[in-house]
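As you go down the protein sequences, you meet chains A and B in turn. Those letters in the first sequence? Residues 1 to 237, by our numbering. Those letters in the second sequence? Residues 1 to 282, by our numbering. In what follows, a structure is listed as structure tokens, so that the remarks can point back to it.
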Amino acid sequence: MPKILEVKNVSKHFRLHIQNNKRIAALDEVSFDMEQGEILGLTGKSGSGKSSLMKCIYRTYLVNSGAIVLTTASRGPVDLARASEHEVIEMRKTEMFYCSQFLSVIPRVPAVDIVAEPLARKGKTTDEARALARDLLDRLGLPRELWDAFPATFSGGEQQRVNIARAIIAAPRFLLVDEPTASLDLKTKDVVIDLVLALKTQGASVVLITHDQHTLERMSDRRLHLEHGRVAEVIHA
Amino acid sequence: MNDNDTGWLLRVRNLTKIYGDPISNSVQYTGPKFGSNICPETDAIVACAEINFDLYPGEVLGVVGESGSGKSTLVQLLYFDQAATSGEVRFSALDGGQTNILTLSNQRKRHMRNHLMGMVYQNPRDGLNFNFSAGGNIAEKLLMAGNFHVGRIRERASYLLEKTEVPVKRMDNTPATFSGGMQQRVQISKAIANNPPLLFLDEVTSGLDVSVQAKVLDLIRHLQRELGISMIVVSHDLAVIRMLTDRTMVLKNGRIVEAGLTDQILQDPQDAYTQLLVSSLL
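Below is the structure:
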């Protein structure tokens, strides 16, 4: 299998100028490769650098050194650590999707439209996109009366369903998911896992953060265990 | 310089505005490093300097900074409300971007303003004529772009008012009789009347109460999606920036101190001033 991602010697720290230049270390020389179609689990205690690593890949965080090379469909290898902002925006629109731990969306937009949005960007009509969004929300067990409501007031589990639906609806080539199954019941957990595994069979590659053993065992092909911002262990499933 | 292989809509290079008597060192002795935009030798005010960026079609760019950072000056220079001291601005919708639009004649600048740009000001009185009706204000913009058919003008005006949720039956009232939120909506109607590819929004929700603010922001977002207009959004409010923009530039003392993807600016700010700004977010 060809490589989808190569992370080379990535280091990241935060420099807090307004707090006496305090330095907070996040990642220390992290390196790993991922094959296309692989699901890579990131494990480790809180504060070990899992989410920081994911945010560096997505460019929400700027790395201090190292390279993050994504093999894109449209442009071949792109170093996300150095790509222009417009290139990163383009990647985010077309092939890289980040599903954060908590739903953070534009306020006052109905659930169905939040889920449908990535499809609209891929050129589907509003009606087609909404129909597919409703379908997916149905499969994830979000009560029908919530489809047209604003998710700000939803429960944690309901928001999570919207979040996941939005992440997978447009079948991204490269998916970053942070705790996709936290606050879901076992049955819905399995629905989510099956949906992501179905993406994988279509060739999608996934970086996964989860504290849930069941999710980890069913989904990940390989695990990267982080400790204090370093790769402590690589575990093959 | 003139080749547009990356497809930008607007390219800004070294845009500078200085009030008063600049000397050759005015730019060098001002800026965030000196914590001031006042030239120590001549008291000239360097409102903005060394501004460089590209804006892409359909992109929404945020400009944040405190009062006096130069953010309003920046959009006023681009909209020709003020004359730039120096710099280059290219607009791909004009000559494919070959001309520095700052050097155009006043007549051609007016033509660009009327056909290719729209501006929404913080104060509705800057963007609207309060002696005209709401419809009359929109008609003015349409007339300036060469539409003289009265029936079609009224039709377009009522379409725009409807789109911006201003009751069409109030079309013949003057904006002075409108609420602040409605005035802002009329201003937006007027600004987009000629389908410009580029819209400037200068603190458009400041001074509105929160529920009205939310509705105006929703309207802007909706219009952006539907019409695909490129926008430059000036605001001191990071919540507005977060909601509307893809990329953000942070201005201080007339300079860009940091620019990046909006989520990066908010979650991993690099510059000390940006960190202060983000930590001040409620």
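Cβ atoms here follow ideal geometry from the backbone N, Cα and C, with glycine treated the same way.
Taking Cβ to Cβ, would you say residue i is nearer than 8 Å to residue j?
{"i": "residue 207 of chain A", "j": "residue 164 of chain A", "result": "no"}
{"i": "residue 166 of chain B", "j": "residue 189 of chain B", "result": "yes"}
{"i": "residue 33 of chain A", "j": "residue 3 of chain A", "result": "yes"}
{"i": "residue 194 of chain B", "j": "residue 36 of chain B", "result": "no"}
{"i": "residue 42 of chain A", "j": "residue 224 of chain A", "result": "yes"}
{"i": "residue 146 of chain A", "j": "residue 111 of chain A", "result": "yes"}
{"i": "residue 75 of chain B", "j": "residue 202 of chain B", "result": "yes"}
{"i": "residue 236 of chain B", "j": "residue 64 of chain B", "result": "yes"}
{"i": "residue 51 of chain A", "j": "residue 209 of chain A", "result": "yes"}
{"i": "residue 62 of chain B", "j": "residue 255 of chain B", "result": "no"}
{"i": "residue 229 of chain A", "j": "residue 25 of chain A", "result": "yes"}
{"i": "residue 169 of chain A", "j": "residue 199 of chain A", "result": "no"}
{"i": "residue 197 of chain B", "j": "residue 9 of chain B", "result": "yes"}
{"i": "residue 188 of chain A", "j": "residue 212 of chain A", "result": "no"}
{"i": "residue 21 of chain B", "j": "residue 44 of chain B", "result": "yes"}
{"i": "residue 222 of chain A", "j": "residue 237 of chain A", "result": "yes"}
{"i": "residue 157 of chain A", "j": "residue 184 of chain A", "result": "yes"}
{"i": "residue 40 of chain A", "j": "residue 59 of chain A", "result": "no"}
{"i": "residue 56 of chain A", "j": "residue 178 of chain A", "result": "no"}
{"i": "residue 14 of chain B", "j": "residue 97 of chain B", "result": "no"}
{"i": "residue 66 of chain A", "j": "residue 226 of chain A", "result": "no"}
Along the chain, where does the beta strand (DSSP E) containing residue i start, and where does it finish?
{"i": "residue 136 of chain B", "result": "First-last for residue 136 of chain B: 134-144, but that is the alpha helix (DSSP H), not the beta strand (DSSP E)."}
{"i": "residue 169 of chain A", "result": "Residue 169 of chain A -> no beta strand (DSSP E), and no H or E assigned at all."}
{"i": "residue 22 of chain A", "result": "22-35"}
{"i": "residue 61 of chain B", "result": "60-64"}
{"i": "residue 98 of chain A", "result": "96-99"}
{"i": "residue 214 of chain A", "result": "Not the beta strand (DSSP E): residue 214 of chain A falls in the alpha helix (DSSP H), residues 213-219."}
{"i": "residue 252 of chain B", "result": "247-252"}
{"i": "residue 104 of chain B", "result": "Counting along the chain, residue 104 of chain B falls outside any beta strand (DSSP E), and DSSP gives it neither H nor E."}
{"i": "residue 201 of chain B", "result": "198-202"}
Give the secondary structure of residue i by DSSP, where H, G and I count as helix, E and B as strand, and everything else as coil.
{"i": "residue 19 of chain B", "result": "strand"}
{"i": "residue 87 of chain B", "result": "strand"}
{"i": "residue 77 of chain A", "result": "strand"}
{"i": "residue 135 of chain A", "result": "helix"}
{"i": "residue 48 of chain B", "result": "strand"}
{"i": "residue 114 of chain B", "result": "helix"}
{"i": "residue 1 of chain B", "result": "Confidence is the limiting factor: at residue 1 of chain B the pLDDT is only 47, short of 50, which leaves the residue's position unreliable and the question unanswerable from this model."}
{"i": "residue 163 of chain A", "result": "helix"}
{"i": "residue 153 of chain B", "result": "helix"}
{"i": "residue 130 of chain A", "result": "helix"}
{"i": "residue 14 of chain B", "result": "strand"}
{"i": "residue 91 of chain A", "result": "helix"}
{"i": "residue 230 of chain B", "result": "strand"}
{"i": "residue 228 of chain A", "result": "coil"}
{"i": "residue 218 of chain B", "result": "helix"}
Could you name the residues of the same chain whose beta carbon sits closer than 7 Å to that of residue i, not counting the 5 residues immediately before and after it, in chain order?
{"i": "residue 114 of chain A", "result": "105, 151, 162, 166"}
{"i": "residue 242 of chain B", "result": "262, 266"}
{"i": "residue 79 of chain B", "result": "113, 117, 119, 200"}
{"i": "residue 271 of chain B", "result": "250, 257, 258"}
Any heavy atom of the ligand GTP closer than 7 Å to the CB of residue i?
{"i": "residue 197 of chain B", "result": "Judged by which ligands are present, the structure shown has none, so any question about the ligand GTP falls away."}
Over the uninterrupted alpha helix (DSSP H) stretch that includes residue i, give me the two end residues.
{"i": "residue 113 of chain A", "result": "111-121"}
{"i": "residue 127 of chain B", "result": "124-127"}
{"i": "residue 190 of chain B", "result": "180-191"}
{"i": "residue 104 of chain A", "result": "First-last for residue 104 of chain A: undefined, no H or E at that position."}
{"i": "residue 283 of chain B", "result": "No statement about residue 283 of chain B is possible, as the shown extent of chain B runs from 1 to 282 and does not include it."}
{"i": "residue 190 of chain A", "result": "186-201"}
{"i": "residue 3 of chain A", "result": "First-last for residue 3 of chain A: 3-16, but that is the beta strand (DSSP E), not the alpha helix (DSSP H)."}
{"i": "residue 263 of chain B", "result": "262-267"}
{"i": "residue 272 of chain B", "result": "272-279"}
{"i": "residue 72 of chain B", "result": "71-78"}
Which same chain residues end up closer than 6 Å to residue i when comparing Cβ atoms and leaving out the 5 residues on each side of it in sequence?
{"i": "residue 16 of chain A", "result": "22"}
{"i": "residue 114 of chain B", "result": "144, 145"}
{"i": "residue 182 of chain B", "result": "166"}
{"i": "residue 101 of chain B", "result": "89, 91"}
{"i": "residue 129 of chain A", "result": "116, 119, 120"}
{"i": "residue 1 of chain B", "result": "Unreliable placement is indicated for residue 1 of chain B, whose pLDDT of 47 sits below 50; the coordinate value is still reported in the next sentence. If we look at residue 1 of chain B and ignore the five residues flanking it on each side, it has no Cβ neighbours."}
{"i": "residue 269 of chain B", "result": "275, 278"}
Here's a check: name, in chain order, each residue in its chain whose Cβ is nearer than 8 Å to the Cβ of residue i, leaving out the five neighbours to either side.
{"i": "residue 135 of chain B", "result": "154, 157, 158, 161, 171, 172"}
{"i": "residue 35 of chain A", "result": "1, 2, 3, 4, 205"}
{"i": "residue 27 of chain B", "result": "16, 18, 46, 49, 50"}
Exercise for the section: Scan the stretch 125-145 of chain B for residues whose Cβ lies nearer than 9 Å to a Cβ of chain A and list them as they occur along the chain. Expected result: none
Problem - Positions along the stretch 59-70 of chain A whose CB lies within less than 7 Å of some CB in chain B - result: 59, 60, 61, 62
Practice task
For the stretch 96-112 of chain A, enumerate the residues whose C-beta is nearer than 8 Å to any C-beta of chain B, in chain order.
Solution key: 106, 107, 108
Exercise for the section: Quick one: which residues of the stretch 250-265 of chain B get their C-beta closer than 7 Å to a C-beta of chain A? List them in chain order. Expected result: 260, 261, 263, 264
Practice task
Compile a chain-ordered list of the residues in the stretch 194-210 of chain A whose CB is closer than 8 Å to at least one CB of chain D.
Solution key: This model lacks chain D altogether, as its protein chains are A and B.
Exercise for the section: Taking only beta carbons into account, state which residues of the stretch 265-277 of chain B come closer than 8 Å to chain A, listed in chain order. Expected result: 267, 268, 270, 271, 272, 275, 276
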